[in-house]
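One line per chain: the protein sequences are F and H, in this order.
Each residue of the first sequence is one higher than the one before, starting from 1 at the first, in the numbering used here.
Each residue of the second sequence is one higher than the one before, starting from 1001 at the first, in the numbering used here.
Idealized CB from N, CA, C, for every residue including glycine.
Beneath this line is the structure, given in structure tokens, with notes to follow.
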Amino acid sequence: MLIRDTNAGYGLVTRLMHWVMAIGVVGLFALGLWMVTLSYYSPWYVTAPDIHRGVGMLLLFLLVLRFVWRLANRKPDDSELSPLERKASAVVHWGFYPLLLALMLSGYLISTSDGRPIDVFGWFSVPALIKNPGLETPAGEVHEILSYVTIAVVVLHAAASFKHHFIDRSRILTRMWSGPPAD
Amino acid sequence: MKLVPLSIAATLLAGAFALSSAATADSYMIDTDRSHAAVTFRIKHLGFSWLNGRFDDFSGTFTFDEKNPENSMVNVEIDTESVNTNHAERDKHLRGKDFLDVSKYPTATFKSTGVKINGDKATITGNLTLHGVTKTIVIEAEAVGGGKDPWGGYRQGFTGTTKIALKDFGINFDLGPASQVVDLTLDIEGIRK
Chain F
1 MLIRDTNAGY
11 GLVTRLMHWV
21 MAIGVVGLFA
31 LGLWMVTLSY
41 YSPWYVTAPD
51 IHRGVGMLLL
61 FLLVLRFVWR
71 LANRKPDDSE
81 LSPLERKASA
91 VVHWGFYPLL
101 LALMLSGYLI
111 STSDGRPIDV
121 FGWFSVPALI
131 KNPGLETPAG
141 EVHEILSYVT
151 IAVVVLHAAA
161 SFKHHFIDRS
171 RILTRMWSGP
181 PAD
Chain H
1001 MKLVPLSIAA
1011 TLLAGAFALS
1021 SAATADSYMI
1031 DTDRSHAAVT
1041 FRIKHLGFSW
1051 LNGRFDDFSG
1061 TFTFDEKNPE
1071 NSMVNVEIDT
1081 ESVNTNHAER
1091 DKHLRGKDFL
1101 DVSKYPTATF
1111 KSTGVKINGD
1121 KATITGNLTL
1131 HGVTKTIVIE
1141 AEAVGGGKDP
1151 WGGYRQGFTG
1161 TTKIALKDFG
1171 INFDLGPASQ
1181 VVDLTLDIEG
1191 IRK
């Protein structure tokens, strides 16, 4: 059970973080879309945003961890890709970091513009870094736009992986699912 | 020299007084520069407590005729985006489509159409335009005080309250049966121009 990434494939840490964050990001998108339709008297009116904020903050923490991990690990071999595919995958994969960071920070600013911290499931609080009442509105607009951009990139990313897996019959998707080949 | 008939002189004098009483309807600028005015509101939360809020940014003028107060008027323009209930997420929600829809309706206005004095109180009737809907409302007002200030100005101050039903202005988000009406208070101090 490989922990670190090698030339042959992704280790356990990378794979775990990938799928946990994938479920988290897609899940929060769905939760975000749904929670803003709730009526004031829905029992989920308070709980759904609490979950959204809590998971969002955990994902932010994971994102930073994951970026550091990516920098500290070698990338598996991608010589099977055409130059265009290699460039495109670099843009999307590296691009996910600033995209997700901006998405999560804009969400953070919605809740903390009044100086209030974000409570994460009662385990700990993330304090506000700046107090700027009024900032929550443009932060909200950015957060909404970026959430759609993120999902679009996620769909693109997933579609590309299916293309490589089903059409090119490559190991690219398997590498992220079950790791390097067993040899 | 011919003497001016008494009746004509009387008419001229009455006209002069009428002109001067119209001229004593002084114009005031509401002192928002130093924030000696406030537009505040409160609405019940679930029927359990009063939720207080304000509009931080607004401007306005009024004319006040000390000798004939019913000859007064007031105009206020409120920047709806400046709504402030001391909670970022709630304020963001209030600015959105569920409530004030400030990107579509950035300004709320009140223009008085008439003032009726009863004793030391007044009833100000006027048009409130909020959320794109204009309705006649009545503000119960009283003068708080007025006079020279220590810095060369002359001021008058008033307080007024009114109740408005959110549904009357097209705001239909269901906050529950105890929260259909908002109490609005205008505290204004004006500096004579």
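Inter-residue Cα distance where the pair is residue i and residue j
i	j	result
W1151/H	F1158/H	20 Å
D168/F	A160/F	10 Å
A1018/H	T1161/H	The predicted position of A1018/H is uncertain, since its pLDDT is 49 and thus under 50; no value can be drawn from it.
N1075/H	L100/F	47 Å
H164/F	G95/F	20 Å
Y108/F	I118/F	8 Å
V1182/H	L1094/H	14 Å
R171/F	A158/F	14 Å
V1138/H	D1091/H	27 Å
W19/F	N1086/H	38 Å
V25/F	V1115/H	58 Å
M17/F	K131/F	32 Å
P1069/H	A1178/H	36 Å
V64/F	R1054/H	39 Å
T112/F	N1127/H	37 Å
M176/F	A22/F	12 Å
M1073/H	S39/F	41 Å
V92/F	F166/F	20 Å
I1164/H	G1145/H	27 Å
G11/F	V68/F	15 Å
G1132/H	F1099/H	12 Å
A1088/H	H143/F	15 Å
A72/F	Y97/F	15 Å
R1034/H	T1080/H	20 Å
A1038/H	I1078/H	11 Å
P1106/H	L84/F	48 Å
E1066/H	D114/F	43 Å
A152/F	V1083/H	34 Å
S82/F	L28/F	34 Å
Nearest-angstrom beta carbon gap, residue j and residue i [assumed within contact, 8 Å]
i	j	result
R66/F	D78/F	In fact, because the Cβ distance is near 19 Å, the residues do not count as touching under 8 Å.
L103/F	T150/F	6 Å
G179/F	R15/F	6 Å
L1184/H	F1041/H	5 Å
T1063/H	D1026/H	7 Å
L1166/H	Q1180/H	7 Å
F1169/H	K1135/H	7 Å
G1176/H	L1046/H	6 Å
Any chain F beta carbon closer than 9 Å to residue i
i	result
A1088/H	yes
F1058/H	no
N946/H	Outside the displayed range of chain H (1001 to 1193) lies residue 946/H, so it cannot be described from this structure.
K1092/H	yes
E1142/H	no
A1042/H	First, the residue type needs correcting, since residue 1042/H is Arg and not Ala in the sequence shown. Not an interface residue.
F1099/H	no
E1081/H	yes
R1095/H	yes
L1175/H	yes
Cβ of residue i within 9 Å of any chain H Cβ
i	result
I167/F	no
G134/F	yes
I110/F	yes
T14/F	no
G32/F	no
R116/F	yes
P184/F	Residue numbering for chain F in the displayed model covers 1 to 183; residue 184/F lies beyond these limits and cannot be assessed.
S125/F	no
A148/F	First, the amino acid is wrong: residue 148/F is Tyr here, not Ala. It does not: the Cβ of Y148/F has no partner Cβ on chain H nearer than 9 Å.
Residues bridged to residue i (per DSSP)
i	result
S1027/H	T1063/H
L1186/H	V1039/H and G1160/H
D1079/H	T1107/H
W1050/H	K1044/H
L1128/H	F1110/H and K1135/H
F1173/H	Answer by DSSP bridge pairing: none, since F1173/H is not bridged.
N1118/H	K1121/H
Checklist entry - If we count Cβ pairs, one from each stretch, closer than 8 Å, do we get three or more for the stretch 113-126 of chain F versus the stretch 45-63 of chain F? => result yes
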